[in-house]
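Written out below as structure tokens is the structure these notes cover.
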Amino acid sequence: MIDEEGMAVVNFSAIADKSQAGSEISQLTWQVQQLIPELNTNYESRNYTFEEDYTEYIIYEWIAKRKVPVNDIRGATWTAKNGSYEFGLSLDRVFGPEEIVEADKNDVVMTITLTMPDEITFANTPFVEGDTARWTLTKELLSQNNTVLRAITG
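Quick note, the sequence shown lines up with residues 18 to 171 if you use my numbering.
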């Protein structure tokens, strides 16, 4: 969520099918917390499970304790002009094109949800509702150069 001054509350979550990847996600989240000390100091963390359609999921969440300037986030830009706001996020390539096989190219790696201070009039995603846009990032998308997520308010 970004306010009019370009200050953002940045939260993270990881979700996995508990029976198929519960131990792996637990290990991964522990490793991430060791690699990124900021998660231990600037974020509250919690984990819980829920069930949907006979499948139990485990969720790990990190909730920011304070807002941060959007322009301090690596790859992010924020512009406010005449009551209009523009957000951009440049994503580094995560996978080499040779690493992506046809069967896995549509695997979802992460979802980014952005809430702007006003109604979004343009975003390079079809998933826009009012002031919120959502991007679903697949392995194929994260194997591309120059991927930029954008959203603009009126």
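Heads up, the beta-carbon is just placed ideally off N, CA and C, and yes, glycines get one too.
- Between the segment 40-49 and the segment 86-102, the count of C-beta pairs closer than 8 angstroms stays below three; the two stretches do not touch.
- A contact between stretches requires three or more CB pairs, one per stretch, nearer than 8 angstroms, and the segment 148-155 meets this requirement with the segment 132-140.
- Residue state for Asp121 is assigned as helix, using DSSP reduced to three classes.
- In the structure shown, the three-state DSSP call for Ile53 is coil.
- 8 angstroms or more divides the Cβ of Val111 from the Cβ of Leu52.
- Taking Leu154 as reference, the option from Ile76, Val125, Leu108 and Phe104 with the minimal CA-CA separation is Val125.
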